[in-house]
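>
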Amino acid sequence: MEVLRITGGQRLQGTVRVTGAKNSVLKLMAAALLAQGTTTLTEVPDILDVEIMAELLRRLGCEVDHDGPARRVSITVPEILAHRADYDLVRRMRASICVLGPLLAR
């Protein structure tokens, strides 16, 4: 692991760009089912699991815009969702279990 050691009496300031992580973005995509309107996530990694989750949400009735190169996903949830997740998609990704809670809550 790299270490960045700072010495001196000056206060640090600036910005840090934090990249997205697969393990958090999949849970955030599932949590979008609880929101009204459109949820936009940025710094989303362009990976297969994100596309599978996007397709799962589409089949539940959501409108999902996944812009891989821009690292952005927008999810619009309708008033009424399908109540059953597509098994062919669910079996491809363990994180799909994360949609269960929001579906039950709705």
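Under the numbering used here, the first residue of the sequence shown is numbered 1, with each subsequent residue one higher.
C-beta atoms are modelled at their ideal positions from N, C-alpha and C, and glycine is treated no differently.
Within its chain, find whatever has a CB closer than 6 Å to the CB of Ala54; leave out the 5 residues flanking it on each side and keep chain order.
Along the sequence shown, read from residue 1 onward, the residue named residue 54 stands at position 54. The answer, listed in chain order, is Val64 and His66.
> Pick helix, strand or coil for Leu103, following the three-state DSSP scheme.
Locating residue 103 in the sequence shown gives position 103, where the first residue counts as 1. Correct three-state label for Leu103: helix.
> Please confirm whether Val50 and Lys27 have their CB atoms less than 9 Å apart.
Reading the sequence shown from its first residue, position 50 is the one you call residue 50. Reading the sequence shown from its first residue, position 27 is the one you call residue 27. No; because the gap between Cβ atoms is not below 9 Å, this pair is not in contact.
> Using the DSSP secondary-structure output, state which residues sit across from Leu41 in a beta bridge.
Reading the sequence shown from its first residue, position 41 is the one you call residue 41. Leu41 pairs with Val73.
> Locate the beta strand (DSSP E) running through Glu63, then write down its first and last residues.
Translated into positions along the sequence shown, residue 63 becomes position 63. Its beta strand (DSSP E) spans residues Glu63 to Asp67.
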